[in-house]
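Sequential numbering of the sequence shown, starting at 287, is according to this note's numbering. Below: one structure, written as structure tokens.
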Amino acid sequence: MQFQDKVVFITGAASGMGLATAQAFADQGAVVYGADISADNLARDFAALPGAHAVPLDIADSAAVREAFATVEREHGRLDVLVNAAGVNAPNKAALDALNAENYKGFEAMKEGRQHNPEFYETITDEDFDRVLKINLYGPFYTMRSAVPLLKKAGGGAIINFSSAAALMSVAMPAYYPASKAGVLGLTREAATELAPFNIRVNSLAPGAVDTPLFRQSDEEFSDFLISMQPIKRPATPEEIAKTVLFLAGAEGSYYTGQTFSPSGGLVM
Numbered sequence: 287m288q289f290q291d292k293v294v295f296i297t298g299a300a301s302g303m304g305l306a307t308a309q310a311f312a313d314q315g316a317v318v319y320g321a322d323i324s325a326d327n328l329a330r331d332f333a334a335l336p337g338a339h340a341v342p343l344d345i346a347d348s349a350a351v352r353e354a355f356a357t358v359e360r361e362h363g364r365l366d367v368l369v370n371a372a373g374v375n376a377p378n379k380a381a382l383d384a385l386n387a388e389n390y391k392g393f394e395a396m397k398e399g400r401q402h403n404p405e406f407y408e409t410i411t412d413e414d415f416d417r418v419l420k421i422n423l424y425g426p427f428y429t430m431r432s433a434v435p436l437l438k439k440a441g442g443g444a445i446i447n448f449s450s451a452a453a454l455m456s457v458a459m460p461a462y463y464p465a466s467k468a469g470v471l472g473l474t475r476e477a478a479t480e481l482a483p484f485n486i487r488v489n490s491l492a493p494g495a496v497d498t499p500l501f502r503q504s505d506e507e508f509s510d511f512l513i514s515m516q517p518i519k520r521p522a523t524p525e526e527i528a529k530t531v532l533f534l535a536g537a538e539g540s541y542y543t544g545q546t547f548s549p550s551g552g553l554v555m
């Protein structure tokens with residue numbers, strides 16, 4: 287097992303792709319620190335994994351992130367892999383409900399042969415834009431900044447940042463989401479260039495439809511419509527995404543850095 291006793295830090299580890307990634311590393315014998323804003327969710331699923339260290343954490347809180355990595359340093363003195371899987375597509379439930387309603391209006395109009403022009407810009411508040419950027423973009427920056435000294439101590443390692451297919455194609459949705467996820471790609475490329483001399487590789491994933499609780503919050507008919515746009519007519523499983531993360535973190539991915547992989551069923555080519 288190539289990750290035996292390696293130290294891994296995963297954000298968004300309580301559910302979905304983050305939890306599946308934590309499970310995959312744990313199965314390989316890694317020591318896994320799992321961070322998530324929901325302490326209850328961490329305790330329910332993540333904490334049962336072998337080698338699991340639950341870290342209740344809001345990654346938008348810079349000071350809290352620093353303390354979380356200080357704990358890793360005190361307990362292990364090193365870090366081998368950082369996975370930034372935490373993210374949101376809306377700043378709060380009201381905004382998410384409004385997004386789903388707007389998407390469904392467009393879907394119904396398309397079925398009826400009508401034109402529907404979504405209007406998002408007028409409704410985005412400063413607070414909503416700031417919150418999503420803090421989680422999706424500032425959060426990965428905070429964790430990377432704290433992780434780099436530990437990765438250097440270990441003699442190298444890997445960082446995998448989760449972006450989105452929405453960062454690579456034109457999507458009508460509130461601007462904070464594609465803007466934040468496109469920013470992650472910029473973080474990834476710069477870090478890959480800067481950190482390569484230290485044997486630290488940095489890559490990103492830009493998934494499309496993945497069968498997670500967040501994806502299934504949408505109406506099933508609408509979810510099926512989104513999947514129909516892909517050449518492969520199904521969502522990815524979280525476990526499939528986790529396998530890609532392990533590839534990028536391990537020896538098989540040793541010549542990849544600064545790359546964006548899009549497991550999207552062909553939606554992005």
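We put the beta carbon where it would ideally sit given N, CA and C, even for glycine.
Check: Looking at the secondary structure, which residues open and close the beta strand (DSSP E) in which Thr297 lies?; Outcome: 293 to 297
Check: What is the rounded straight-line gap between the Cα of Phe289 and the Cα of Ile527?; Outcome: 17 Å
Check: Following the continuous beta strand (DSSP E) through Asn447, name the residue where it begins and the one where it ends.; Outcome: 443 to 448
Check: Which residues mark the beginning and the end of the beta strand (DSSP E) in which His339 is found?; Outcome: 338 to 342
Check: Where does Ala522 sit, in a helix, a strand or coil, going by DSSP?; Outcome: strand
Check: Between Pro342 and Ala325, which are expected to be in contact by the criterion C-beta below 8 Å, what is the C-beta distance as a whole number of angstroms?; Outcome: 4 Å
Check: Roughly how many angstroms separate the alpha carbons of Ser514 and Phe508, rounded to a whole number?; Outcome: 10 Å
Check: Please report the distance separating the alpha-carbon of Phe501 from that of Tyr541.; Outcome: 32 Å
Check: At which residues does the alpha helix (DSSP H) containing Asp383 begin and terminate?; Outcome: 379 to 397
Check: Quick one: residues in its chain with C-beta nearer than 7 Å to the C-beta of Ala530, no 5 flanking neighbours on either side, listed in chain order?; Outcome: Here residue 530 turns out to be Thr, not Ala, going by the sequence shown. Leu491, Phe547, Pro549.
Check: Are Thr429 and Val351 touching if we call contact CB-CB under 8 Å?; Outcome: yes
Check: Which residue comes first and which comes last in the beta strand (DSSP E) that contains Asp412?; Outcome: Run containing Asp412: none in the beta strand (DSSP E); it sits in the alpha helix (DSSP H), 412 to 419.
Check: Looking at Ala316: is its Cβ nearer than 8 Å to the Cβ of Gly302?; Outcome: no
Check: Which of helix, strand or coil does DSSP assign to Phe355?; Outcome: helix
Check: Report yes if the CB atom of Tyr462 is closer than 8 Å to the CB atom of Asp414, and no otherwise.; Outcome: yes
Check: Per the contact definition of three or more C-beta pairs closer than 8 Å, is the segment 475 to 482 in contact with the segment 395 to 411?; Outcome: no
Check: Quick one: give me the first and last residue of the beta strand (DSSP E) that Ala321 is part of.; Outcome: 317 to 322
Check: Specify whether the segment 373 to 391 and the segment 306 to 313 touch according to this definition: at least 3 beta carbon pairs, one from each stretch, less than 8 Å apart.; Outcome: no
Check: Which stretch, first to last residue, makes up the alpha helix (DSSP H) that contains Leu481?; Outcome: 462 to 481
Check: Per the contact definition of three or more C-beta pairs closer than 8 Å, is the segment 481 to 490 in contact with the segment 440 to 447?; Outcome: yes
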